[in-house]
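Have a look at the structure below before the remarks.
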Amino acid sequence: MRQLEEAILNYGRVFPGNVLKVDSFLNHQVDVLLSDKMAEELYHVFKDDSPTKILTLEASGIALAVLVARRFGVPMLFAKKMRTANASPEAYMEDVRSFTRGKTFTIYVSKEYLSPADRVLIVDDFLATGSAAVGMRNIVNRAGATLCGMGIAIEKGFQNGGDELRAAGVKVHSLAVIDSMTDGFLTFRD
Ligand code: 5GP
108 MRQLEEAILN YGRVFPGNVL KVDSFLNHQV DVLLSDKMAE ELYHVFKDDS
158 PTKILTLEAS GIALAVLVAR RFGVPMLFAK KMRTANASPE AYMEDVRSFT
208 RGKTFTIYVS KEYLSPADRV LIVDDFLATG SAAVGMRNIV NRAGATLCGM
258 GIAIEKGFQN GGDELRAAGV KVHSLAVIDS MTDGFLTFRD
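The sequence shown maps to residues 108 to 297 in this note's numbering.
As structure tokens, then:
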């Protein structure tokens with residue numbers, strides 16, 4: 108999506124370790140008009156998949172996920188990050204490796220909010236190694252729900268998470284795919 112690529116080029120900053128900071132419009136301050144256009148594109152890509160629920164991960168996926176959920180007129184559900192690793196029979200839990208923090212943490216979704224009747228579209232701000240996306244996909248599978256696909260704002264294509272999910276048959280649509288980020292130079296996939 109051209110407008111998102113332009114925002115990344117104009118306001119994104121590349122940090123050591125292949126971390127892209129987009130705090131001025133996506134991850135901290137949110138450009139709502141741009142995010143709403145992103146939601147519109149994801150709506151068009153996934154409208155025939157008829158999701159009944161939009162699933163994301165707190166905190167930075169929530170803004171985009173709300174706007175996508177608004178388009179579909181369905182609930183937005185966010186996986187929570189656990190502070191203390193207490194297993195609960197009432198929740199689906201998965202371990203996720205944080206690429207940016209270099210730590211593993213547990214995410215969970217209450218069993219009350221996902222059922223086998225659900226068709227779930229996963230939405231997130233970034234897709235890098237795919238750990239967060241796989242954790243959410245596993246939760247959808249464990250609930251017996253159907254995964255419609257994944258709508259991502261920024262995919263770092265060189266970290267392969269997206270391509271591995273596509274190869275596994277998941278419909279992944281990323282609004283901007285960065286193929287390289289060397290020396291502060293960004294190249295987008297066509
Ligand atoms: P993955 O699990 O695919 O490796 O990473 C996805 C998660 O890590 C996203 O939810 C996002 O919060 C975070 N993340 C990964 N790479 C970046 C990055 O370059 N910049 C920012 N701001 N977050 C990232």
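We treat Cβ as the ideally placed atom computed from N, Cα and C, and that holds for glycine.
Because the structure is a prediction, the values reported are computed rather than measured.
Asked	Found
Cβ-Cβ distance between Ala-198 and Leu-171 below 9 Å	no
Pair within 9 Å by beta-carbon distance, Met-189 and Tyr-215	yes
Contact test: Gln-266 Cβ vs the ligand 5GP heavy atom, cutoff 8 Å	yes
contact_flag[the segment 236 to 253, the segment 133 to 141] where n(CB pairs < 8 Å) is 3 or more	no
CB contact flag (Met-200, Asp-231, <9 Å)	no
Inter-residue spacing [alpha-carbon to alpha-carbon] between Phe-132 and Gly-119	9 Å
Backbone secondary structure at His-218 - three-state DSSP	Here the sequence assigns Lys to residue 218, which means His is not the residue at that position. Looking at Lys-218 - three-state DSSP - the assignment turns out to be helix.
Buried or exposed (CB count within 10 angstroms, at least 16 for buried), Asp-297	exposed
Boundaries (first-last residue) of the beta strand (DSSP E) holding Phe-265	Counting along the chain, Phe-265 falls outside any beta strand (DSSP E), and DSSP gives it neither H nor E.
Under the three-state DSSP convention, the category Met-257 falls into	strand
C-alpha distance - Phe-265 paired with Asn-193, whole-angstrom precision	35 Å
Collapsed DSSP secondary structure at His-151 in the structure displayed	helix
Option in Arg-178, Pro-182, His-280, Leu-164 with minimal Cα separation from Arg-204	Leu-164
Close beta carbons around Asp-270, own chain, < 8 Å, minus the five adjacent residues each side	Gly-264
The ligand 5GP site residues, beta-carbon cut 7 Å against heavy atoms	Asn-125, Val-126, Leu-127, Lys-128, Val-129, Asn-134, Leu-164, Ser-167, Gly-168, Val-203, Arg-204, Ser-205, Phe-206, Thr-207, Asp-231, Asp-232, Phe-233, Leu-234, Ala-235, Thr-236, Gly-237, Ser-238, Ala-239, Ala-240, Lys-263, Gln-266, Gly-268
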